[in-house]
Amino acid sequence: MVILGGLDLRTMAGNPAFRVRFWGVRGSYAAPGSDTVRYGGNTSCVEVQAGGKRIVLDAGSGIIPLGKHILETASDGQGQHTLVLISHFHFDHIQGLPFFRPAFLSSHRVYVYAPSFMNETPRATFDRLLVSPMCPFDLRNMSGVAEVSEVKPGERFVWSPSDDAPRPAGEAASDEDVLVEPYVNYDIHPRDGVALYRLRHRGRSLVYATDVEGVHDEVVEFARGADLLILDAMYKRNEYENITRGWGHSTVTMAREVAQRADVARFALFHHSPDHDDDTIDEKERFARKEFPAAFCACEGQTVEF
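Under this note's numbering, the very last position in the sequence shown is 311; numbers go up by exactly one each time.
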């Protein structure tokens, strides 16, 4: 059973549709140290296993230990193919990719999807950012990266159990497929835009919505009825009002309102401030649960099944 802070995070015994594991939950920059041991210090990275596939949401520093884990457990049949969905190109969401070990092995196939930025393709953006002297490796060194694709508004894609790679969804998707529905918006994160992702499989759904500032009707509708909403809740209200307004992130109150209006089953407060120690994040969780009992603050190593 998966329990955190008294909240049972397992709702389907035996054969869940989704198995979600958090590998990095911080925003802006990594925050290792004695005050962040319980929630962890790595930046954004969430592993999703569904339909026999492995999908990774963002490639912050948390993807580095995930890569090691994949190689150690490759015999489980899921280690050879990985889909990485990038929300945007801020470094806390891509900094781990050049150190993601499966990306350097030709025996693996890593498919990277990301939104466009400044009218250039994701491949062009990676080639511009992952370059010496800022980075020791670029995509040309990563023999395991099979494809870098652009996430476009309104385009869905699926990963079927029988397919090695994702493909365009077309008109319909099987219940056994993993359906990926991106939502690209350049306003809800005022610092360069962001892609949100909804994953569907066997009648269940997960929404990943990091780097969202404020309460937006379109985000509420995108997340409506999700079994799990992973949502940016970086700041406390006083921080937001006095310093961080306009930086592209939400308060706990904002996130809770989105979750309530979207009528989600549970929501994970995510993208924790590197300035928040474990006790501060505990306070955020208690505050969120006052009006949304199924809220919890995501922490490294935590697994959610549904």
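Ideal Cβ placement from N, Cα and C applies to all residues, glycine included.
Values in this document were obtained by computation on a predicted structure and should not be read as measured data.
Pick from D180, N20 and W28: whose alpha carbon is nearest that of A312?
-> For residue 312 there is no data in the structure shown, the boundaries of the chain being 6 and 311.
How many angstroms separate the CA atom of A36 from the CA atom of S278?
-> Along the sequence shown, one-based indexing puts residue 36 at 31. Along the sequence shown, one-based indexing puts residue 278 at 273. Going by the C-alpha atoms only, they are around 9 Å apart.
What residues in its chain sit with their C-beta under 8 Å from that of D132, if we drop five residues either side in the sequence?
-> Position 127 of the sequence shown, counted from the start, is the residue given in the question as residue 132. Excluding positions up to five away in sequence, the list reads D143 and L144.
Nearest-angstrom Cα distance between L110 and Y245?
-> Position 105 of the sequence shown holds residue 110. Position 240 of the sequence shown holds residue 245. Those two C-alpha atoms are separated by around 43 Å.
With burial defined as no fewer than 16 other Cβ atoms inside 10 Å of the residue's Cβ, what is the status of A177: buried or exposed?
-> One-based indexing of the sequence shown puts residue 177 at position 172. A177 is exposed by the Cβ-count criterion.
CB of D232 within 7 Å of CB of F162, strictly = If you number the sequence shown from 1, residue 232 lands on position 227. If you number the sequence shown from 1, residue 162 lands on position 157. Contact flag unset, no.
Using a threshold of 7 Å, state whether the C-beta atoms of L234 and F272 are closer than that.
-> Counting from one through the sequence shown, the residue named residue 234 turns up at place 229. Counting from one through the sequence shown, the residue named residue 272 turns up at place 267. In contact: L234 and F272 (Cβ atoms closer than 7 Å).
Leaving out the 5 sequence neighbours to the left and right, which residues in its chain are closer than 8 Å to Q100 when beta-carbon positions are compared?
-> Taking the first residue of the sequence shown as 1, we reach residue 100 at position 95. Hits under 8 Å: T48, A64, G65 and S66.
Helix, strand or coil: how does DSSP classify K73 here?
-> In the sequence shown, the residue the question calls residue 73 occupies position 68. Three-state DSSP puts K73 in a helix.
Are V257 and F292 close, meaning C-beta to C-beta below 7 Å?
-> Working through the sequence shown from its first residue, we reach residue 257 at position 252. Working through the sequence shown from its first residue, we reach residue 292 at position 287. In contact: V257 and F292 (Cβ atoms closer than 7 Å).
DSSP-derived helix/strand/coil call for D63 = Here residue 63 corresponds to residue number 58 of the sequence shown, with the count starting at 1. D63: coil per DSSP, three-state reduction.
What span of residues does the alpha helix (DSSP H) with P171 cover, start to end?
-> Along the sequence shown, one-based indexing puts residue 171 at 166. P171 -> no alpha helix (DSSP H), and no H or E assigned at all.
Check D216 in the structure and name its three-state DSSP category.
-> By 1-based counting over the sequence shown, the position of residue 216 is 211. Three-state result, D216: coil.
Please decide whether F162 counts as near chain C, where near means a Cβ-Cβ distance under 7 Å.
-> Chain labels in this structure do not include chain C; a single protein chain is all it has.
Closest residue to P173 among G32, D180 and V185 (Cα-Cα distance) | The residue labelled residue 173 in the question sits at position 168 within the sequence shown. Among G32, D180 and V185, the Cα nearest to that of P173 belongs to V185.
Indicate the three-state DSSP secondary structure (helix, strand or coil) for K58 in the structure shown.
-> Looking up residue 58 in the sequence shown gives position 53. Note: K58 maps to strand in three-state DSSP.
Where H98 sits in the DSSP three-state scheme | Counting from one through the sequence shown, the residue named residue 98 turns up at place 93. Three-state result, H98: helix.
Going by alpha carbons, who is nearest to V153 out of V136, S165 and Y118?
-> Position 148 of the sequence shown, counting from 1, holds the residue named residue 153. Residue Y118 is the option with its Cα nearest to V153.
Which ranges would you report for the beta strand (DSSP E) in the stretch 108-148 if only whole runs of at least 3 residues count?
-> 114-120
Just how far apart, CA to CA, sit R261 and V212?
-> The residue you call residue 261 lines up with position 256 of the sequence shown. The residue you call residue 212 lines up with position 207 of the sequence shown. The alpha-carbon atoms of R261 and V212 are separated by roughly 15 Å.
Let me know the alpha helix (DSSP H) ranges lying completely inside the stretch 219-306, each 4 residues or longer, listed in chain order.
-> 222-228, 257-267 and 283-294
Beta-carbon spacing of H93, V199 below 7 Å | Numbered from its first residue, the sequence shown carries residue 93 at position 88. Numbered from its first residue, the sequence shown carries residue 199 at position 194. For H93 and V199, yes; Cβs fall inside 7 Å.
List the whole-angstrom C-beta distance separating D237 from V217, where the pair is believed to meet the contact cut-off of C-beta under 8 Å.
-> Taking the first residue of the sequence shown as 1, we reach residue 237 at position 232. Taking the first residue of the sequence shown as 1, we reach residue 217 at position 212. With a Cβ gap of about 5 Å, D237 and V217 count as contacting.
I think G253 touches H194, with their Cβ atoms under 8 Å apart; what is that distance to the nearest whole Å?
-> Position 248 of the sequence shown, counted from the start, is the residue given in the question as residue 253. Position 189 of the sequence shown, counted from the start, is the residue given in the question as residue 194. Confirmed, Cβ separation roughly 4 Å.
Could you spell out where the beta strand (DSSP E) holding E152 opens and where it closes?
-> Looking up residue 152 in the sequence shown gives position 147. Here the beta strand (DSSP E) through E152 covers V150 to V156.
Going by other Cβ atoms of all chains shown within 10 Å of its Cβ, with 16 needed for buried, is M6 buried or exposed?
-> Numbered from 1 along the sequence shown, position 1 holds the residue referred to as residue 6. At M6, the pLDDT of 32 sits below 50, so the modelled position is not reliable; the number obtained from the coordinates is stated separately. It counts as exposed.
Going along the chain, which residues of its own chain have a beta-carbon closer than 6 Å to the beta-carbon of V25, five neighbours each way excluded?
-> Mapped onto the sequence shown, residue 25 falls at position 20. Hits under 6 Å: V53 and V309.
Beta-carbon proximity of P127 to V189, cut-off 7 Å | Residue numbering aside, residue 127 sits at position 122 when the sequence shown is read from its first letter. Residue numbering aside, residue 189 sits at position 184 when the sequence shown is read from its first letter. Not in contact: P127 and V189 (Cβ atoms no closer than 7 Å).
Going by alpha carbons, who is nearest to F122 out of S33, N243, H95 and I69?
-> Residue 122 sits at position 117 when you count from the first residue of the sequence shown. Here the closest residue by C-alpha is H95.
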